[in-house]
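Asker: Protein chains in written order, with the working numbering: chain F, 103 to 459; chain B, 28 to 563.
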Amino acid sequence: MKLNVINISDKINIRWLATPVIILASAFVTNAIIMLLCNYNPLEAYQAAVSGAFGNGRKFGETLVKSTPFLITGLSVAMAFRCGIWNIGAEGQFLVGALTATWFGTKLAPIFPQSPWVAVPLCLGFATLAGGIWGLIPAILKVARGVNEVISTIMLNYVALHLVSMMIDGGPLQETAQRGPQSDRIVEWVFLPRILPPHRIHLGIIIAVVFAIILTFVLFRTAFGYQLRAVGEGAAAAEAAGISIVHNTLRVFFISGALAGLGGAIELTALTRRLFLNFSPGYGYTAIAVALLAKLNPLVTVAAALLFGALTTGSYSMQREVGISDKVTLVMQATILLFVIGYSSVQLFRKRASSHS
Amino acid sequence: MIESILELRNVTKTFGDFVAVDSVDFELQAGEIHAILGENGAGKSTLMNLIYGLYQPTAGRIYVTDRENWRYRLRAKSPRDSIASGIGMVHQHFMLIENLTVAENIALSIGQLRTGVAKSVSENGAYKEWLRKFLFKKEDAIHITEALSERFGLAVDPSALVRSLSVGLKQRVEILKALAVDARILILDEPTAVLSPQEVEGFFTILRKLQADGRAIIFISHKMKEVLDISDRITVLRRGKKVYLGKTGELTARELAREMIGEDINEVERSNRTDVEIESSDSVLQLSNLTVLGDRNEIAVADVSMETYGGEIVGIAGVDGNGQRELAEAIMGLRHAPYGSVSILGANPKGIKAVRQRGVGYIPEDRQTTGVIAEFSITENLLLNVTHLDNLTQWNILNQKKKRETAAQLITDYDIRPPVADTPASSLSGGNQQKIVIAREISLHPDLLVAVNPTRGLDVNAARYVHENLLAQRDQKKSVLLISTELDEVLLLSDRLYVMSRGKLIEATAQRNDIEALGMLMTGETHRDIRDSLES
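(1) On the CB-based measure, 16 or more other CB atoms within 10 Å of its CB, does Ser506 of chain B come out buried or exposed?
(2) Using the Cα positions of Phe42 of chain B and Lys531 of chain B, report the straight-line distance between them to the nearest angstrom.
(3) Kindly examine the ligand FMN and report whether one of its heavy atoms sits closer than 8 Å to the Cβ of Ala344 of chain B.
(4) With 16 as the cutoff for other CB atoms within 10 Å, does Phe45 of chain B come out buried or exposed?
(5) Comparing the C-beta of Gly163 of chain F with each C-beta of chain B, is any distance below 9 Å?
(6) Closest Cβ-Cβ distance between Thr324 of chain F and chain B: below 9 Å?
(7) Counting beta carbon pairs with one atom in the stretch 53-65 of chain B and one in the stretch 96-112 of chain B, are three or more of them shorter than 8 Å?
(8) Does DSSP classify Met527 of chain B as helix, strand or coil?
(9) Would you say Arg352 of chain B lies against chain F (beta-carbon separation less than 9 Å)?
(10) Could you tell me whether any Cβ in chain B is nearer than 9 Å to the Cβ of Glu341 of chain F?
(11) Quick one, are the C-beta atoms of Ala207 of chain B and Ile133 of chain B less than 9 Å apart?
(12) So, does the CB of Ile357 of chain F fall closer than 9 Å to a CB anywhere in chain B?
(13) Determine the burial state of Cys185 of chain F: buried for a count of at least 16 other Cβ atoms within 10 Å of its Cβ, exposed for fewer.
(14) Rounded to a whole number of angstroms, what is the C-alpha to C-alpha distance between Ser521 of chain B and Val270 of chain B?
(15) List, in chain order, every chain F residue whose beta-carbon is nearer than 8 Å to that of Gly457 of chain B.
(16) To the nearest angstrom, report how far apart Ile247 of chain B and His120 of chain B are at their CA atoms.
(17) For a test of the three-state rule: what should DSSP assign to Ile345 of chain F, helix, strand or coil?
(18) Where does Leu350 of chain F sit, in a helix, a strand or coil, going by DSSP?
(19) First and last residue of the alpha helix (DSSP H) that includes Tyr441 of chain B?
(20) Leaving aside the five residues before and after Ala406 of chain F along the sequence, list all residues of the same chain whose C-beta is less than 6 Å from its C-beta, in chain order.
(21) Taking Cβ positions only, does Thr331 of chain F come closer than 9 Å to chain B?
(22) If you compare alpha carbons, which of F:Ala367, F:Ala262, F:Gly272, F:Ala412 is closest to Ile239 of chain F?
(23) Give the residues of chain B in contact with Ser346 of chain F, contact being defined as C-beta atoms less than 9 Å apart.
(24) By DSSP's criteria, Pro451 of chain B is part of a beta bridge. Which residues make up the other side?
(25) Could you please give me the residues that DSSP links to Leu377 of chain F through a beta bridge?
(26) For Gly248 of chain F, would you say it is in contact with chain B, using Cβ-to-Cβ distances shorter than 9 Å as the test?
(27) Just tell me which of B:Arg444, B:Gly65, B:Ile438, B:Phe231 has its CA closest to the CA of Asp181 of chain B.
(28) Which of helix, strand or coil does DSSP assign to Ile214 of chain B?
(29) Report yes or no: is there a C-beta of chain F within less than 9 Å of the C-beta of Gln461 of chain B?
(30) Counting pairs of Cβ atoms below 8 Å between the stretch 226-243 of chain B and the stretch 195-212 of chain B, do you hit three or more?
(31) With 16 as the cutoff for other CB atoms within 10 Å, does Leu138 of chain F come out buried or exposed?
(32) Please report whether the beta-carbon of Tyr328 of chain F lies at a distance below 9 Å from any beta-carbon of chain A.
(33) So, is His304 of chain F buried or exposed, given that buried needs 16 or more other C-beta atoms within 10 angstroms?
(34) Buried or exposed for Cys225 of chain F, please, with buried defined as at least 16 other CB atoms from any protein chain shown within 10 angstroms of its CB.
(35) Report the option in B:Arg36, B:Val464, B:Pro365, B:Asn496 whose CA atom is closest to the CA atom of Ala340 of chain F.
(36) Enumerate, from N- to C-terminal direction, the unbroken beta strand (DSSP E) stretches of 3 or more residues contained entirely within the stretch 360-398 of chain B.
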């Protein structure tokens, strides 16, 4: 069956795909030069990376696991940007989601029936709601006081970061043993089920992909999504049509925040199962690159997230098998980010500038 | 003999099939203020843009005499070339950077162009150093601004932020910017449109000073009285052609109005016109003592009362910027009206959504930002009205089949080109974008349709099609409020006629056959003035 859902949202053809391909090709070439300068064989390294990410079922599964947080935060960003809201706050919303899941999993779940059928949906639901509410803070500031969301969401990321450290470093959510700045492990019946134990592939991957499909449907096939996009692409025209700018702005922020919050809860309940400092290695920021590489298309975000997952597992394997230092792999990841963000945002802004002139 | 410093010979500019400027001759003498009069779309702005280098003429030549008294043919590829030849333009919408100071704005205009500066502020040597080093020194910029300001008697605080200045002062900065690069020909595009009467007086003093300094000024305006006050000579354009050139005072205001509007206007064929009697006594739209504020909190619409009924087209004529946009926005609930009320079909809907849900169609003035969404496809733009959206959704899900069918139908009916539903609106011509708006708003047959300049930018056939649709609305006993700067259009379609001028609405149905009187009303004269002038 042809995926004609894609056709209604963006015309995906060779030209459309050219940008991501150019971005990645230039990033890989640049990285090859960096490796040559550091006396590594780039071909050997890339080979190790590919086999590390896709070499066998287990490795590919691990790539999927690493892709999940990129996907769900990437959807959060793609959705917001698509609707004209420059939400840079996915990182904070992700953390607030994880924090809420921790609170639920350590404090509230013990008094609930010990059934994952009840506890898991409740936990994810709470975290999603918390992420959405966290997302509403910059929305209200924007609607009521005209505060630019780029600034307020970045600042709220730091608030969220410090909120986490306040709660787990001497705060009410710190582990009972009080050894370090981390929470207790959440109770077992809040664990997000793993699909093929002992492998780490978990239900969150499926949830994230389902949300990519739902989001595409909502944005491109419903009146609700149409109005969200209309306000994003042309506020004055949408308003003249009778579409409320205020309501739709609030909706975008809430949904975007909720998705990122869900992402935090999935990561926590499926993998780490406890909250600690540096819980997120910047998923919410990398999400911007993921979304831009996917040209803000929710379905293409699945592919972009998979690529970023593969970059993560691939770089581990480059370290292990070719002995490339982790500093160099970090530089390489940063190079890719720079190419993605640089190229995509130039394109995005040029497109917007030309349509507004 | 007075030398001419700018001369246009047979200049023509076409856009596609449309002739915006039709073999126009124009000549500007040093030290004169030359007014250009004309209706909207008469070609004034196009002509100025040709001189300023924003457009290049399709045919004809432009000659300019530069600072060294060399006369040569100007082939400006961009304003940069025109500026280098000593031509400066003050646009109607200021081109200032609001968050920079006055001095910084002026420094920017100098920095862009390294020639010509030397003569402009040669008494201040600081600039040379600064340009050579490519370094920006605040003090130098302030010195230059002060020097300019003193030399031309245009007092302004060099270190004030532009955004803190009044409109009159911003305009002064714009003029200083042009003078900073030693413009000897100043084009002022509707400079008084944004000024209060007091500011206008001060502005005229400035113009006379510049004139005494030997600079030539092209003054574009709609306002007859100001033109007669300030100019030395007047050129009148009508539909791209020069129809009159003469010394100010040769013709009276009434005669000039006739030149502007043309006499052929009464002969416009009133096809399709059936006399419809207004049966119902219930008004569709009722405005009572409506007062609306403009973007700068000025009173844009002053104490307007009127009613429209089903089965009639009520026309509001007038020159751009006299409160028509604000009036339309207040009716649609897009703009707050501090005093008075808007009543639609007996109710007082608050806000645009409520107004829309009462079945009011709206063809906004600015289709680029308010009419269509550039990034959206034709289909998506055809949905951009909550009523359409409601018709095509079930459980909030858009019915794809119905959506495609509706779009295809409207594209055919309204001849939108290219007839490809997925085409983004941004790649359509202005006329076809307008057809999207018309199709979307008229096809629902709203009880009340508010149409602002519905045929602006359309070719003759498309405009006729729109007119037929507006008349069809009326024949279906719907009410249409037509606000247009095209007098022909208003006269052709309206059953009742108003003129809007400086925020006031003047009933003018009785004057519909008296073009001169209408012209006077539009240029801001009241009935009393007309009566007086008729008697004298």
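Glycine is no exception: its CB is placed at the ideal position from the N, C-alpha and C atoms.
Answerer: So, to answer that:
(1) Ser506 of chain B counts as buried, since at least 16 other C-beta atoms from the protein chains shown sit within 10 angstroms of its C-beta.
(2) 35 Å
(3) Questions concerning the ligand FMN fall outside what the structure shown contains, since it holds no ligand whatsoever.
(4) exposed
(5) no
(6) yes
(7) no
(8) strand
(9) Chain F contact via Cβ: absent.
(10) yes
(11) yes
(12) Not closer than 9 Å to any Cβ of chain B, the Cβ of Ile357 of chain F fails to qualify, so no.
(13) Looking at its Cβ environment, which holds 16 or more other Cβ atoms inside 10 Å, Cys185 of chain F is buried.
(14) 28 Å
(15) None at all; the shortest Cβ gap to chain F is about 13 Å.
(16) 14 Å
(17) coil
(18) Going by the sequence as given, residue 350 of chain F is Asn instead of Leu. Note: Asn350 of chain F maps to helix in three-state DSSP.
(19) Element bounds for Tyr441 of chain B: n/a, residue is neither H nor E.
(20) Correct list, in chain order: Val392, Leu395, Ala396.
(21) For the sequence presented, residue 331 of chain F should be read as Arg rather than Thr. Answer yes: the Cβ-Cβ gap between Arg331 of chain F and chain B drops below 9 Å somewhere.
(22) F:Ala262
(23) Within chain B, the residues near Ser346 of chain F are Gly378, Ile379, Lys380.
(24) B:Ser404
(25) Answer is none; Leu377 of chain F lacks a bridge partner.
(26) For Gly248 of chain F, no Cβ of chain B is located within less than 9 Å of the residue's own Cβ.
(27) Sequence inspection shows Leu at residue 181 of chain B; the Asp mentioned does not correspond to that position. Among B:Arg444, B:Gly65, B:Ile438, B:Phe231, the Cα nearest to that of Leu181 of chain B belongs to B:Phe231.
(28) Strand at Ile214 of chain B.
(29) For Gln461 of chain B, the answer is no, since every Cβ of chain F falls outside 9 Å of its Cβ.
(30) Of all C-beta pairs linking the stretch 226-243 of chain B to the stretch 195-212 of chain B, three or more are shorter than 8 Å, placing the two stretches in contact.
(31) exposed
(32) No chain A is present in this structure, whose protein chains are F and B.
(33) buried
(34) buried
(35) B:Val464
(36) 366-371, 387-390
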